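S.K.:
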Amino acid sequence: MAFSLHTISNKKIIKYSFIIFIVAMVFRVVIINFVNTDKIAPDGTGYYHLAYNLSKGNGYLMHGEPYFFREPGYPLFLSLAFVITDWVGYETGTLEFDDDFRIVNKVPEIIAAKYLQAIIDSLACVILFLILTRFIKIRYAFLIGILFAIFFHYAYNITSILRETLQSFVSLSMCLALVQYFKSNSDKYLIFTGILWGFLNLIFYPNLIFAVTIPIFIWIYKKSFFKAIRPSIIIGIVMFITVSPWLYRSYSYFPDIRIFKSFGTSITPEYLNYYSALQTAAYYNYITIDDANAIFRNELVDGISETDRFKIYWDGTIAAKADSLLKMVNEPIVSYRKIINLISYSKNILPPTFSKYFIEKSMFVYGILISVVIGYGLFALFGFFFYFKKLLFLNIILITYISAFYVLASEGRRMLPIHPFLFTYFVLGINYIFLRFYCKLSETEVYKQVMKSQV
Numbered sequence: 019m020a021f022s023l024h025t026i027s028n029k030k031i032i033k034y035s036f037i038i039f040i041v042a043m044v045f046r047v048v049i050i051n052f053v054n055t056d057k058i059a060p061d062g063t064g065y066y067h068l069a070y071n072l073s074k075g076n077g078y079l080m081h082g083e084p085y086f087f088r089e090p091g092y093p094l095f096l097s098l099a100f101v102i103t104d105w106v107g108y109e110t111g112t113l114e115f116d117d118d119f120r121i122v123n124k125v126p127e128i129i130a131a132k133y134l135q136a137i138i139d140s141l142a143c144v145i146l147f148l149i150l151t152r153f154i155k156i157r158y159a160f161l162i163g164i165l166f167a168i169f170f171h172y173a174y175n176i177t178s179i180l181r182e183t184l185q186s187f188v189s190l191s192m193c194l195a196l197v198q199y200f201k202s203n204s205d206k207y208l209i210f211t212g213i214l215w216g217f218l219n220l221i222f223y224p225n226l227i228f229a230v231t232i233p234i235f236i237w238i239y240k241k242s243f244f245k246a247i248r249p250s251i252i253i254g255i256v257m258f259i260t261v262s263p264w265l266y267r268s269y270s271y272f273p274d275i276r277i278f279k280s281f282g283t284s285i286t287p288e289y290l291n292y293y294s295a296l297q298t299a300a301y302y303n304y305i306t307i308d309d310a311n312a313i314f315r316n317e318l319v320d321g322i323s324e325t326d327r328f329k330i331y332w333d334g335t336i337a338a339k340a341d342s343l344l345k346m347v348n349e350p351i352v353s354y355r356k357i358i359n360l361i362s363y364s365k366n367i368l369p370p371t372f373s374k375y376f377i378e379k380s381m382f383v384y385g386i387l388i389s390v391v392i393g394y395g396l397f398a399l400f401g402f403f404f405y406f407k408k409l410l411f412l413n414i415i416l417i418t419y420i421s422a423f424y425v426l427a428s429e430g431r432r433m434l435p436i437h438p439f440l441f442t443y444f445v446l447g448i449n450y451i452f453l454r455f456y457c458k459l460s461e462t463e464v465y466k467q468v469m470k471s472q473v
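Given below as structure tokens:
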């Protein structure tokens, strides 16, 4: 009988996974054809050229020289769109755009890239469903999965030639692997977790922060610091093996052990500190914001080789310039600017309101969107409060990103990986309030209705 019930459950999971994927894919096909059809982000142009070079077998190059300014994960993924488009028989590498980054010619490889992103984004919805089936009853997991499949604020990102859709898919996959380890205690899931964490670092190296949270979650699961050491080491070793070709390439090009601080990229801590110092000086009117951006581009972005970029980071040139600017400004530890930035970054935890578009079109529609986003945040907060302990082991992505939001949330799109989990708490928050206060169920009865018997 137990086998029969298990078989029925598996069939349901397969059926529901298929439905979620189809709904998500259809929704994304509509978005691809009607939303953001003629625009490419400034960063997207760089990814485009890197992917083109990779697809042609020219290597990871920009302007003919080895490139380290961005991690290779997303350009490698994007190069598949070029390979597919070439294979079908279309010419690639012809992108043209105006000063507003509007695409002015037909670029079939970008359409192919959006469809590839639609596929992995639809799979991300399925993965969220699979994660949730480990904790809550399948009907609730399916409800959240199907609603998330048509959550526009998340799906919209597939229209951008940017890494966040891929990053979110891989982070969800890593979460599923780790959850599977917590459910089965099998070492194979530690290996999967390490590989996926490696991929995640190759997409966006600040994901190295999981070096802190993964061992903590394993420690909580094992209820013993010493028992958490072995699985944490396994994950770390597998991650390092996964990323070692990229780190070896960087070290071969510029043999300085300090490249490991920036995970082999030329976006080093010194680079980020100098950019922050320039923005601070501009805020206090020591220079204009246009001058700050021009200085930054002239000194660190345009017309500088990767060799020179690495050298000025490690010889102290950039650090000295940043220190000089900060001494000139002499900003206090607590300042109005820092508080405003904190509030601004906190806002980026929530979905976007597309304010630039709707403020011009309709303040009424913009007001509705603001209200929806605020409501989303409130119900997600309720759900988090009511279910955090019950769903502790699915929270690693959410907790990690929220803990580091001051570093990660300078751009809202970087917080995309947390939205599957925020959305889960949003739905569960509404459901809890409905069952508890409208249906008059006790707290125990609510949890019994929603949660699996063993979590």
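Numbering (this note's numbering), first residue to last: 19 to 473.
All C-beta atoms, glycine included, are put in the ideal place defined by N, C-alpha and C.
Since the model is a prediction, treat every value here as computed from it, not as a measurement.
#1: Compute the Euclidean distance between the alpha carbons of Phe228 and Met257, then round it to the nearest angstrom.
#2: Counting only runs that start and end within the segment 55 to 106, where is the alpha helix (DSSP H) found for 4 or more residues in a row?
#3: What is the residue span of the alpha helix (DSSP H) that Phe328 lies within?
#4: Decide if the segment 90 to 102 is in contact with the segment 126 to 140; the criterion is three or more beta carbon pairs, one per stretch, under 8 Å apart.
#5: Output the boundary residues of the alpha helix (DSSP H) element that contains Val347.
#6: Just confirm the distance between the C-beta atoms of Phe397 and Phe444, as a whole number of angstroms; I'd bet it's less than 8 Å.
#7: Please tell me whether Ala173 and Ile49 are closer than 8 Å, where the distance is taken between their beta carbons.
#8: Keeping to the same chain, check which residues put their C-beta closer than 6 Å to that of Ile38; ignore five residues upstream and five downstream.
#9: Could you give the first and the last residue of the continuous alpha helix (DSSP H) run that contains Phe411?
#10: Leaving out five residues on either side along the sequence, give the residues of the same chain with a beta carbon under 7 Å from the beta carbon of Tyr70.
#11: Closest to Tyr66 by CA distance: which of Leu134, Leu113 and Leu190 is it?
#12: May I ask you to report which of helix, strand or coil DSSP gives Phe160?
#13: Could you check whether Phe314 and Tyr293 sit closer than 8 Å to each other, using their CB atoms as the reference points?
#14: Going by DSSP, which residues form a beta bridge with Met433?
#15: By DSSP's criteria, Arg454 is part of a beta bridge. Which residues make up the other side?
#16: Out of curiosity, what's the CA-to-CA distance linking Lys30 and Leu150?
#17: Quick one: is Ile330 buried, meaning 16 or more other Cβ sit within 10 Å of its Cβ, or exposed?
#18: Is the distance from the Cβ of Ser280 to the Cβ of Tyr223 below 8 Å?
#19: With 16 other CB atoms within 10 Å as the buried threshold, where does Glu288 fall?
#20: Can you tell me whether DSSP reads Arg120 as helix, strand or coil?
#21: Quick check: the Cα distance between Gly77 and Pro84, rounded to an integer number of angstroms?
#22: Let me make sure I understand the geometry here. Which of Ile234, Tyr269 and Gly212 has the alpha-carbon closest to that of Phe86?
#23: Tell me the rounded alpha-carbon separation between Thr231 and Phe404.
#24: Which residues mark the beginning and the end of the alpha helix (DSSP H) in which Arg248 is found?
#25: Assuming Phe411 and Phe170 form a contact by the criterion Cβ under 8 Å, report the distance between their Cβ atoms to the nearest whole angstrom.
#26: My understanding is that Lys63 touches Phe95, with C-beta atoms under 8 Å, so please give their C-beta distance in whole angstroms.
#27: Helix, strand or coil for Phe187 per DSSP?
#28: Locate the alpha helix (DSSP H) running through Lys470, then write down its first and last residues.
#29: Measuring only the C-alpha atoms, how far is Arg432 from Thr211?
#30: Just tell me which of Asp309, Arg181, Ser35 and Lys356 has its CA closest to the CA of Val425.
#31: Check whether the Cβ atoms of Gln185 and Leu220 lie closer than 8 Å to each other.
#32: Strictly by DSSP, which residues pair up with Ile137?
#33: Taking the alpha helix (DSSP H) that Arg355 falls in, what are its first and last residues?
#34: Given a threshold of 16 other Cβ atoms within 10 Å of its Cβ, counted over all protein chains shown, does Ser490 qualify as buried or as exposed?
#35: Touch check for the segment 460 to 467 and the segment 412 to 422: three-plus C-beta pairs under 8 Å?
#36: What does the alpha-carbon distance come out to for the pair Ile307 and Arg267?
M.R.: Walking through what the data contain:
#1: Numbered from 1 along the sequence shown, position 210 holds the residue referred to as residue 228. Numbered from 1 along the sequence shown, position 239 holds the residue referred to as residue 257. Our two residues, Phe228 and Met257, have alpha carbons roughly 11 Å apart in a direct line.
#2: Taking only runs of at least 4 residues, the alpha helix (DSSP H) segments lying wholly in the segment 55 to 106 are 60 to 73 and 91 to 106.
#3: On the sequence shown, position 310 is the one that residue 328 refers to. Counting along the chain, the alpha helix (DSSP H) containing Phe328 begins and ends at Glu324 to Trp332.
#4: Yes, since at least three Cβ pairs between the segment 90 to 102 and the segment 126 to 140 fall closer than 8 Å, the two stretches touch.
#5: Taking the first residue of the sequence shown as position 1, residue 347 is located at position 329. Segment Thr335 to Val347, the alpha helix (DSSP H) holding Val347.
#6: Working through the sequence shown from its first residue, we reach residue 397 at position 379. Working through the sequence shown from its first residue, we reach residue 444 at position 426. Phe397 to Phe444, Cβ: 5 Å. Contact.
#7: Indexing the sequence shown from 1 puts residue 173 at position 155. Indexing the sequence shown from 1 puts residue 49 at position 31. In contact: Ala173 and Ile49 (Cβ atoms closer than 8 Å).
#8: The residue labelled residue 38 in the question sits at position 20 within the sequence shown. Setting aside the 5 residues that flank it on each side, Ile38 is surrounded in the same chain by Cys143, Val144, Phe147, Gly163, Ile164 and Ala167, each with a C-beta closer than 6 Å to its C-beta; the list follows chain order.
#9: Numbered from its first residue, the sequence shown carries residue 411 at position 393. Segment: none, Phe411 is in no alpha helix (DSSP H) and carries neither H nor E.
#10: Within the sequence shown, residue 70 is the residue found at index 52, counting from 1. Counting only Cβ-Cβ distances below 7 Å, and skipping sequence neighbours, we find Phe100, Thr110 and Gly111.
#11: Position 48 of the sequence shown, counted from the first residue, corresponds to residue 66. Among Leu134, Leu113 and Leu190, the Cα nearest to that of Tyr66 is on Leu113.
#12: Along the sequence shown, read from residue 1 onward, the residue named residue 160 stands at position 142. Collapsing the DSSP output to three states places Phe160 in a helix.
#13: Sequence index remark: in the sequence shown, residue 293 carries index 275 (1-based). Sequence index remark: in the sequence shown, residue 314 carries index 296 (1-based). In this structure, Tyr293 sits near Phe314, with a CB-CB distance shorter than 8 Å.
#14: Numbered from 1 along the sequence shown, position 415 holds the residue referred to as residue 433. None, per the DSSP bridge assignment.
#15: Residue numbering aside, residue 454 sits at position 436 when the sequence shown is read from its first letter. Answer is none; Arg454 lacks a bridge partner.
#16: Sequence index remark: in the sequence shown, residue 30 carries index 12 (1-based). Sequence index remark: in the sequence shown, residue 150 carries index 132 (1-based). The straight-line gap from Cα to Cα measures roughly 14 Å.
#17: Numbered from 1 along the sequence shown, position 312 holds the residue referred to as residue 330. Classification for Ile330: buried.
#18: Reading the sequence shown from its first residue, position 262 is the one you call residue 280. Reading the sequence shown from its first residue, position 205 is the one you call residue 223. In this structure, Ser280 sits near Tyr223, with a CB-CB distance shorter than 8 Å.
#19: Start at 1 with the first residue of the sequence shown, and residue 288 comes out as number 270. Flag for Glu288 reads buried.
#20: For the purposes of this step, residue 120 is identified with residue 102 of the sequence shown, where counting begins at 1. Note: Arg120 maps to strand in three-state DSSP.
#21: Taking the first residue of the sequence shown as position 1, residue 77 is located at position 59. Taking the first residue of the sequence shown as position 1, residue 84 is located at position 66. Looking at the two C-alpha atoms, the distance is approximately 8 Å.
#22: If you number the sequence shown from 1, residue 86 lands on position 68. For the residues Ile234, Tyr269 and Gly212, the minimum Cα distance to Phe86 belongs to Tyr269.
#23: Residue 231 sits at position 213 when you count from the first residue of the sequence shown. Residue 404 sits at position 386 when you count from the first residue of the sequence shown. Distance from the CA atom of Thr231 to the CA atom of Phe404, rounded to whole angstroms, is 22 Å.
#24: Along the sequence shown, one-based indexing puts residue 248 at 230. Per DSSP, the unbroken alpha helix (DSSP H) holding Arg248 starts and ends at Phe243 to Tyr271.
#25: What you label residue 411 is simply residue 393 of the sequence shown in a count that begins at 1. What you label residue 170 is simply residue 152 of the sequence shown in a count that begins at 1. Actually they are not in contact, since the Cβ atoms of Phe411 and Phe170 sit about 29 Å apart, beyond 8 Å.
#26: The residue you call residue 63 lines up with position 45 of the sequence shown. The residue you call residue 95 lines up with position 77 of the sequence shown. Note that residue 63 is Thr in the sequence shown, not Lys. Contact flag wrong, Cβ pair sits at about 16 Å.
#27: Translated into positions along the sequence shown, residue 187 becomes position 169. For Phe187, the secondary structure class from DSSP, reduced to helix, strand or coil, is helix.
#28: Working through the sequence shown from its first residue, we reach residue 470 at position 452. In the DSSP annotation of this structure, Lys470 is not part of any alpha helix (DSSP H), being labelled neither H nor E.
#29: Stepping through the sequence shown from its first residue, residue 432 is reached at position 414. Stepping through the sequence shown from its first residue, residue 211 is reached at position 193. The alpha-carbon of Arg432 is positioned some 21 Å away from that of Thr211.
#30: Reading the sequence shown from its first residue, position 407 is the one you call residue 425. Taking only the C-alpha atoms, the option nearest Val425 is Lys356.
#31: Within the sequence shown, residue 185 is the residue found at index 167, counting from 1. Within the sequence shown, residue 220 is the residue found at index 202, counting from 1. No, Cβ-Cβ distance for Gln185 and Leu220 is not below 8 Å.
#32: In the sequence shown, residue 137 corresponds to position 119, counting from 1. Looking at the DSSP assignment, Ile137 forms no beta bridge with any residue, so it has no partner.
#33: The count along the sequence shown starts at 1 and reaches residue 355 at position 337. Counting along the chain, the alpha helix (DSSP H) containing Arg355 begins and ends at Tyr354 to Lys365.
#34: What is shown of the chain runs 19 to 473, which leaves residue 490 out entirely.
#35: Put simply, the segment 460 to 467 does not touch the segment 412 to 422. Fewer than three CB pairs are less than 8 Å apart.
#36: On the sequence shown, residue 307 is found 289 positions in, with the first residue counted as 1. On the sequence shown, residue 267 is found 249 positions in, with the first residue counted as 1. Their backbone Cα atoms lie some 36 Å apart in a straight line.
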